[in-house]
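See structure below.
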Amino acid sequence: MKVLMLNGSPRANGNTALALKEMETVFAENGVETEIVPVGNRPIRGCVACGGCAKTGKCVFDDLVNETAPKFEACEGLVVASPVYYASANATLVAFLDRLFYSTRFDKRMKVGASVVVARRAGTTATFDELNKFFTISGMPVASSHYWNEVHGRERGEAAQDEEGLQSLRALARNMSFLMKSIALGKEAYGLPEVEPRVFTHFVR
Ligand SMILES: Cc1cc2nc3c(=O)[nH]c(=O)nc-3n(C[C@H](O)[C@H](O)[C@H](O)COP(=O)(O)O)c2cc1C
3 MKVLMLNGSP
13 RANGNTALAL
23 KEMETVFAEN
33 GVETEIVPVG
43 NRPIRGCVAC
53 GGCAKTGKCV
63 FDDLVNETAP
73 KFEACEGLVV
83 ASPVYYASAN
93 ATLVAFLDRL
103 FYSTRFDKRM
113 KVGASVVVAR
123 RAGTTATFDE
133 LNKFFTISGM
143 PVASSHYWNE
153 VHGRERGEAA
163 QDEEGLQSLR
173 ALARNMSFLM
183 KSIALGKEAY
193 GLPEVEPRVF
203 THFVR
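Here the numbering used here is used: the first residue of the sequence shown is 3, the next is one more, and so on.
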């Protein structure tokens, strides 16, 4: 059982990295493997709406997006972590997620998603909502904690002082492990839910 963890910060060893490490320890205690992929420090361009992926199932820009796609397909859970920039997610991470989710055709249903946001002070819940929308359009159940998944800090390492924030991330990793294991059992017992032929309209017609 594996969780892929995307770090949307350009800062190596920043607060987002610290938040992910806190979760990694708990995943390990629960027998869940992890891999952290640094995204925010890479030159990732945005989607150009060329439609190439509809034919190939891959993005025409052959970079970290296509490299990460098979890892996403193979994992049972995805954690997306971002520093808050102007009350929003890091732009490089958003470009990456747009292309990753849009270009890949594999079934994402019942992979568990969780987003984690890191900020000095404000914009956390807007960013949390923004990131969760990638999961909730993809049939991915969202794991949650006893608080919204946020930790606070400005300079590198400051988030280590946010005891409440880190505790909520540990609870999140425990809940997410439980959910992934429960879904694995459910899949064995019942299989994945039936899928209707897709109705696709531009608003109403
Ligand atoms: C361009 C930029 C915009 C930022 N905007 C916000 C913001 O809107 N709200 C906030 O609380 N912190 C903001 N911050 C602070 C970061 O979210 C904070 O320093 C965070 O700990 C960075 O995480 P990292 O160490 O993983 O990079 C901003 C930082 C930068 C560089």
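Every residue gets a Cβ at the ideal spot worked out from N, C-alpha and C, and that includes glycine.
Cβ pair residue i, residue j closer than 8 Å
i, j, result
"Leu-80", "Lys-113", "yes"
"Leu-174", "Ser-146", "yes"
"Asn-43", "Pro-12", "yes"
"Arg-101", "Cys-61", "yes"
"His-148", "Ala-121", "no"
"Ala-191", "Glu-78", "no"
"Glu-24", "Arg-172", "yes"
"Arg-158", "Asn-17", "yes"
"Ala-91", "Leu-133", "yes"
"Val-119", "Thr-129", "yes"
"Leu-20", "Ala-162", "yes"
"Met-7", "Val-28", "no"
"Lys-4", "Ala-76", "yes"
"Val-34", "Ser-179", "yes"
Residues near residue i by beta carbon distance below 8 Å, same chain, minus five either side
i, result
"Ser-184", "none"
"Glu-166", "Tyr-149"
"Pro-195", "Arg-111"
Closer than 7 Å: residue i CB and nearest ligand 1 heavy atom
i, result
"Asn-32", "no"
"Ala-128", "no"
"Asn-17", "yes"
"Ala-167", "Here residue 167 is Gly; the residue named in the question, Ala, does not match the sequence. Checking every heavy atom of ligand 1 against the Cβ of Gly-167, none is found closer than 7 Å."
"Arg-122", "yes"
"Val-86", "yes"
"Ala-89", "yes"
"Arg-44", "no"
"Ser-179", "no"
"Gly-48", "no"
"Gly-53", "no"
"Arg-13", "yes"
"Gly-125", "yes"
"Gly-155", "yes"
"Arg-101", "no"
"Arg-158", "yes"
Which residues DSSP lists as bridging residue i, in chain order
i, result
"Lys-4", "Glu-35"
"Pro-40", "Asn-9"
"Gly-53", "Per DSSP, none; premise fails for Gly-53."
"His-154", "Ala-121"
Proximal residues to residue i (C-beta, below 7 Å), its chain only, five neighbours per side dropped
i, result
"Arg-47", "Phe-63 and Ala-97"
"Thr-127", "Trp-150"
Host alpha helix (DSSP H) of residue i (start-end)
i, result
"Tyr-104", "93–105"
"Gly-167", "165–192"
"Glu-69", "66–76"
"Leu-132", "Going by the sequence as given, residue 132 is Glu instead of Leu. Where Glu-132 is concerned, the enclosing alpha helix (DSSP H) stretches over 126–138."
Extent of the continuous beta strand (DSSP E) to which residue i belongs
i, result
"Ser-84", "79–87"
"His-148", "First-last for His-148: undefined, no H or E at that position."
"Ala-121", "114–121"
Same chain, Cβ closer than 6 Å to residue i, neighbours up to 5 away in sequence not counted
i, result
"Leu-95", "Gly-10, Val-41, Gly-42 and Ser-84"
"Leu-99", "Phe-136"
"Arg-156", "Arg-122"
"Arg-107", "Gly-59"
"Arg-71", "Reading off the sequence, residue 71 comes out as Ala, not Arg. Correct list, in chain order: Thr-106."
Contact test: residue i Cβ vs ligand 2 heavy atom, cutoff 7 Å
i, result
"Ser-117", "This structure lacks ligand 2; the ligands present are ligand 1."
Min CB distance residue i to chain D below 8 Å
i, result
"Asn-17", "As a matter of chain content, chain D is missing from the structure shown, which is built from one protein chain."
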